[in-house]
Amino acid sequence: MTKTRKAVRRSMSHRRIITRSISRRSIRRRRISLFRARKKRISVVKCHSNPVISVIIPVMNERRTLQRVIREAGKVHPQSEIIVIANGCTDGSARLARRLGVHVYEYPEPLGHDVPRAVGARMAKGEVLLFIDGDMIVPAEDLRLFVRHILSGGDIALNSYSGPVHSRQTHPVVSAKHTLNMLLERPDLKGASLTAVPHALSRRAAEMLGADLLSNPPLALAQAVLKGIEVTPVHEVNAGRLNRSRRRAGQDDLLIPLLVGDHMEAIGLILENRGLRGGFSDLERIREKAR
Amino acid sequence: MPGKKSAALWLEKARTAGREAGAAWREGSGAGAESGAESGAGAVPGPAAGLKHFREALFGWFAGFHQAKRPSFAEALSQGLVFRDGYAGSSGLQPEQLGAPVPLAGTASVVISVSDEEETIGRLLDELQRLPLQEIIVVLNGCTDHSFAEVRKRSGILMVNDPQRLGHDVGRSIGAALAGGDAVLFLDGDMAVPAEELAAFLYEQESGADVVLNNITGFLPVYGRQDEVSRCKLFLNQALGRPDLHSNSLTAVPHVLSRRTLSHIGTSVLAVPPKAQAAAVLAGLHVTAPCTVDVIRRNRLRQSNSGSHNKVAQLIIGDHAEALGEAIRRRGPRLHWTSLPRAELAKVRNGR
Numbered sequence: 000m001t002k003t004r005k006a007v008r009r010s011m012s013h014r015r016i017i018t019r020s021i022s023r024r025s026i027r028r029r030r031i032s033l034f035r036a037r038k039k040r041i042s043v044v045k046c047h048s049n050p051v052i053s054v055i056i057p058v059m060n061e062r063r064t065l066q067r068v069i070r071e072a073g074k075v076h077p078q079s080e081i082i083v084i085a086n087g088c089t090d091g092s093a094r095l096a097r098r099l100g101v102h103v104y105e106y107p108e109p110l111g112h113d114v115p116r117a118v119g120a121r122m123a124k125g126e127v128l129l130f131i132d133g134d135m136i137v138p139a140e141d142l143r144l145f146v147r148h149i150l151s152g153g154d155i156a157l158n159s160y161s162g163p164v165h166s167r168q169t170h171p172v173v174s175a176k177h178t179l180n181m182l183l184e185r186p187d188l189k190g191a192s193l194t195a196v197p198h199a200l201s202r203r204a205a206e207m208l209g210a211d212l213l214s215n216p217p218l219a220l221a222q223a224v225l226k227g228i229e230v231t232p233v234h235e236v237n238a239g240r241l242n243r244s245r246r247r248a249g250q251d252d253l254l255i256p257l258l259v260g261d262h263m264e265a266i267g268l269i270l271e272n273r274g275l276r277g278g279f280s281d282l283e284r285i286r287e288k289a290r
Numbered sequence: 000m001p002g003k004k005s006a007a008l009w010l011e012k013a014r015t016a017g018r019e020a021g022a023a024w025r026e027g028s029g030a031g032a033e034s035g036a037e038s039g040a041g042a043v044p045g046p047a048a049g050l051k052h053f054r055e056a057l058f059g060w061f062a063g064f065h066q067a068k069r070p071s072f073a074e075a076l077s078q079g080l081v082f083r084d085g086y087a088g089s090s091g092l093q094p095e096q097l098g099a100p101v102p103l104a105g106t107a108s109v110v111i112s113v114s115d116e117e118e119t120i121g122r123l124l125d126e127l128q129r130l131p132l133q134e135i136i137v138v139l140n141g142c143t144d145h146s147f148a149e150v151r152k153r154s155g156i157l158m159v160n161d162p163q164r165l166g167h168d169v170g171r172s173i174g175a176a177l178a179g180g181d182a183v184l185f186l187d188g189d190m191a192v193p194a195e196e197l198a199a200f201l202y203e204q205e206s207g208a209d210v211v212l213n214n215i216t217g218f219l220p221v222y223g224r225q226d227e228v229s230r231c232k233l234f235l236n237q238a239l240g241r242p243d244l245h246s247n248s249l250t251a252v253p254h255v256l257s258r259r260t261l262s263h264i265g266t267s268v269l270a271v272p273p274k275a276q277a278a279a280v281l282a283g284l285h286v287t288a289p290c291t292v293d294v295i296r297r298n299r300l301r302q303s304n305s306g307s308h309n310k311v312a313q314l315i316i317g318d319h320a321e322a323l324g325e326a327i328r329r330r331g332p333r334l335h336w337t338s339l340p341r342a343e344l345a346k347v348r349n350g351r
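First to last, the protein sequences are chains A and B. Going by numbering that gives the first Met the number 0, the residue at position 109 of the first sequence is 108; the numbering climbs one at a time, nothing skipped. Going by numbering that gives the first Met the number 0, the residue at position 35 of the second sequence is 34; the numbering climbs one at a time, nothing skipped.
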């Protein structure tokens, strides 16, 4: 109990820090919106018993944004279910989700980076699996574009956000994504990746890949292309700007090796499937003559 | 970095040393002051002997003078120029006869791949005559023009001629296998580069580098507007843990490999340059890109980088796939890119 209270107090002080840095008018606006949010907390998002769409939301301490994320998810399609995979939550976000009426699967310990996606995929009943994050509020109208692509016969609808590419030497993860796509002979995907949400998969694609693979998104993308599953970047949602946790200082240091390593594994998979050169030509190189 | 004062002092010392060396040669050769006046008088050593003496004198003086710390190539070149002035003044030889005044050991080989480059190969070879080198190896392949004749016009060049086109970069490997120097400078016959610019690469090798790449970073646009090949090159370096190398690559010439590099990675791998680069970095060799030759301004116009550009781009992308595969074979599926276990990482990032 004291633990929760402490967490609340901490988040309150966090809020104070944020408000201090913005103008008076926006403080007033913010107070009003907070008030509205509190009132709306009662409104329950209904989950359909025979859903077409499954919205999968991994959550780990995302109380601050979760309600608005769920509200947008609920507006995507009339026949949908929302699956919250609450793992390692200590801030009451699981309780909040439950009160909102969505399916909540709670795990006391963190499942691991991107692992909740795989868990959620296994629970999903819909024909379309829409993946979003508990800390990134994406308007329903944007989310609908991903769903619509799958409903009209597509298999994987990617967020076409390519990451920051305005310097000569870009971030290693952005570079890894572009290179992976190039080696998959899909340069048209640029830096689009399954690591970024929102994205949507057809049930068929999820079954062909296997739910487990979704916890390593670059590997899953490589496998999808190698298996001939249709992949299309459908719409850009700036994940860099919206993703709160990315701004947390210092923690990129831990995420970079994970993601670059995942991409290396994905490149390894291409080479396993398509040979030493990933299927690229040697032109007229006469290797026997090399000394 | 030396101060302005000491730099000026060095230049003065270089001039004096050059003057002394030039005077010594004149005396030693028995040419005397009158040799200039009485041209063609008996057994006077020719300019070739003078050139050899000058190079040895410059290198000897430079090595003795900068025992503690080697200066940058730009400083070395300016000292060399002054040394040459002094030498020319007292020896009676013309500065142009003394070649590029670069303090090099003269133990390097040059390997030039040529296929149909009659327009440029002659000029390139003439530039190379101005450098102290152990040997020049020209690998002609699939030539249907007068490249062969252009090379034959000049003496002291080892030539390999294969009527068949060997394909990209195979010529480098053949040339490297023949080379006996302490270092090998790799060039293409389609680009004549001033000797001084090429000397910079050799100088860096003699200063301790194992692989000296051409630094093209300054010519590249931002990542969003780069071609696929530049992006592959960047990722290979990043993946190998050398983001500081940017998009600099063994795919591009000029570059220099030390003897140590060749004995570590072998010569056959040079037929796939990015693979050789991965091997060199993973072997812990000293790979660096301190010099720049502007290959873009020199506008290397050939089919491969204009019309059928796409084919060559695909080849180079394939080379990078191969290089990454090589790295995976040596270092495991994630190379050194390991983090906390996924659950631990989540705890650190999102726990409170």
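Quick reminder that beta carbons are idealized off the backbone N, C-alpha and C, glycines included. Just so we're clear, the structure is a prediction, and the values are computed from it rather than from any experiment.
Would you report the Cα separation of residue i and residue j, rounded to the nearest angstrom?
{"i": "Ser151 of chain A", "j": "Leu334 of chain B", "result": "40 Å"}
{"i": "Phe82 of chain B", "j": "Arg54 of chain B", "result": "11 Å"}
{"i": "Glu140 of chain A", "j": "Arg67 of chain A", "result": "14 Å"}
{"i": "Ile136 of chain A", "j": "Arg147 of chain A", "result": "19 Å"}
{"i": "Leu188 of chain A", "j": "His262 of chain A", "result": "15 Å"}
{"i": "Leu219 of chain B", "j": "Gly240 of chain B", "result": "21 Å"}
{"i": "Glu149 of chain B", "j": "Thr143 of chain B", "result": "12 Å"}
{"i": "Ser246 of chain B", "j": "Ala62 of chain B", "result": "33 Å"}
{"i": "Ser5 of chain B", "j": "Glu11 of chain B", "result": "10 Å"}
{"i": "Lys226 of chain A", "j": "Ile269 of chain A", "result": "11 Å"}
{"i": "Ile295 of chain B", "j": "Ile316 of chain B", "result": "20 Å"}
{"i": "Ala175 of chain B", "j": "Ala251 of chain B", "result": "16 Å"}
{"i": "Tyr160 of chain A", "j": "Gly223 of chain B", "result": "12 Å"}
{"i": "Glu118 of chain B", "j": "Leu256 of chain B", "result": "27 Å"}
Using 6 Å as the cut-off, classify the Cβ of residue i as near or not near the heavy atoms of the ligand SAM, replying yes or no.
{"i": "Ala277 of chain B", "result": "Among the components of this structure there are no ligands whatsoever, and the ligand SAM is therefore not found."}
What whole-angstrom Cβ distance do residue i and residue j have, given they're in contact under 8 Å?
{"i": "Gly133 of chain A", "j": "Val54 of chain A", "result": "Not a contact, Cβ separation roughly 11 Å."}
{"i": "Gly111 of chain A", "j": "Ile84 of chain A", "result": "11 Å between Cβ atoms; not a contact."}
{"i": "Ala265 of chain A", "j": "Leu212 of chain A", "result": "In fact, because the Cβ distance is near 11 Å, the residues do not count as touching under 8 Å."}
{"i": "Val352 of chain B", "j": "Ser192 of chain A", "result": "The structure shown does not extend to residue 352 of chain B, since chain B is modelled only from 0 through 351, so no value can be given for it."}
{"i": "Ser108 of chain B", "j": "Gly21 of chain B", "result": "That belief does not hold up - the Cβ atoms of Ser108 of chain B and Gly21 of chain B are roughly 29 Å apart, past 8 Å."}
{"i": "Gly87 of chain A", "j": "Lys346 of chain B", "result": "6 Å"}
{"i": "Val210 of chain B", "j": "Thr287 of chain B", "result": "7 Å"}
{"i": "Val196 of chain A", "j": "Ile255 of chain A", "result": "Actually they do not touch by this definition, with Cβ atoms about 19 Å apart."}
{"i": "Gly85 of chain B", "j": "Arg18 of chain B", "result": "4 Å"}
{"i": "Asn60 of chain A", "j": "Gly170 of chain B", "result": "Contact flag wrong, Cβ pair sits at about 60 Å."}
{"i": "Asn140 of chain B", "j": "Leu177 of chain B", "result": "Not quite, the Cβ-Cβ distance comes to about 14 Å (not below 8 Å), so this is no contact."}
If I measure Cβ to Cβ from residue i and keep anything under 7 Å in the same chain, skipping five residues before and after, which residues do I get?
{"i": "Ser38 of chain B", "result": "Residue placement at Ser38 of chain B is flagged as unreliable, the pLDDT there being 43, under the threshold of 50; a coordinate-derived value is accordingly withheld."}
{"i": "Val292 of chain B", "result": "Val192, Glu196, Asn213 and Pro253"}
{"i": "Ser307 of chain B", "result": "Unreliable placement is indicated for Ser307 of chain B, whose pLDDT of 48 sits below 50; no coordinate value is reported for it."}
{"i": "His170 of chain A", "result": "Gly162 and Pro163"}
{"i": "Pro50 of chain A", "result": "Gln78, Ser79, Glu80, Lys124 and Gly125"}
{"i": "Ile264 of chain B", "result": "Ala275, Ala278, Ala279 and Ala282"}
{"i": "Ser207 of chain B", "result": "The sequence given here has Gly at residue 207 of chain B, not Ser. Cβ neighbours of Gly207 of chain B beyond the five flanking positions: His285."}
{"i": "Lys74 of chain A", "result": "Ala139"}
{"i": "Leu57 of chain B", "result": "Gly79, Phe82, Pro100 and Pro102"}
{"i": "Pro186 of chain A", "result": "Asn180"}
{"i": "Glu229 of chain A", "result": "Gly153, Asp154 and Ile155"}
Report yes if the CB atom of residue i is closer than 7 Å to the CB atom of residue j, and no otherwise.
{"i": "Val127 of chain A", "j": "Ile155 of chain A", "result": "no"}
{"i": "His167 of chain B", "j": "Arg284 of chain A", "result": "yes"}
{"i": "Val137 of chain B", "j": "Ile173 of chain B", "result": "no"}
{"i": "Asp226 of chain B", "j": "Val271 of chain B", "result": "no"}
{"i": "Arg258 of chain B", "j": "Asp181 of chain B", "result": "yes"}
{"i": "Leu106 of chain B", "j": "Gln66 of chain B", "result": "Here residue 106 of chain B turns out to be Thr, not Leu, going by the sequence shown. No, these two residues do not count as a Cβ contact at 7 Å."}
{"i": "Leu103 of chain B", "j": "Leu249 of chain B", "result": "no"}
{"i": "Ala363 of chain B", "j": "Val228 of chain B", "result": "Given that chain B is displayed from residue 0 to residue 351, the structure contains no residue 363 of chain B and the question cannot be resolved."}
{"i": "Ala199 of chain A", "j": "Leu257 of chain A", "result": "no"}
{"i": "Leu65 of chain A", "j": "Ser92 of chain A", "result": "yes"}
{"i": "Gly277 of chain A", "j": "Leu182 of chain A", "result": "yes"}
Would you say residue i lies against chain D (beta-carbon separation less than 7 Å)?
{"i": "Asn60 of chain A", "result": "Going by chain labels, chain D is absent from the structure shown, which instead holds the protein chains A and B."}
Residues in its own chain within less than 6 Å of residue i by CB, not counting five upstream and five downstream?
{"i": "Ala13 of chain B", "result": "Gln78, Val81 and Phe82"}
{"i": "Arg40 of chain A", "result": "Annotation note: pLDDT 48 at Arg40 of chain A (below 50); position unreliable, coordinate value reported separately. Answer for Arg40 of chain A: no residue qualifies."}
{"i": "Ala322 of chain B", "result": "Leu235, Pro273, Lys274 and Ala277"}
Give every residue of the same chain whose Cβ lies closer than 8 Å to the Cβ of residue i, excluding the five residues on either side of it in the sequence, and list them in chain order.
{"i": "Glu108 of chain A", "result": "Asn86 and Gly87"}
{"i": "Glu105 of chain A", "result": "Ala85, Asn86, Cys88 and Ala93"}
Interface positions of the segment 210 to 236 of chain B facing chain A (Cβ-Cβ less than 7 Å), listed along the chain: Answer set for the segment 210 to 236 of chain B: Thr216, Leu219, Val221, Tyr222, Gly223, Glu227, Arg230, Cys231, Leu233 and Phe234.
Proximal residues, the segment 316 to 338 of chain B versus chain A, C-beta separation under 7 Å: Within the segment 316 to 338 of chain B, the residues whose Cβ lies closer than 7 Å to some Cβ of chain A are Ile316, Gly317, Ala320, Glu321, Leu323, Gly324, Ile327, Pro332, Arg333, Leu334, Trp336, Thr337 and Ser338, listed in chain order.
Residues in the segment 112 to 141 of chain B having any Cβ partner in chain A nearer than 7 Å: With the criterion set as a beta carbon lying under 7 Å from some beta carbon of chain A, the segment 112 to 141 of chain B has no members that meet it.
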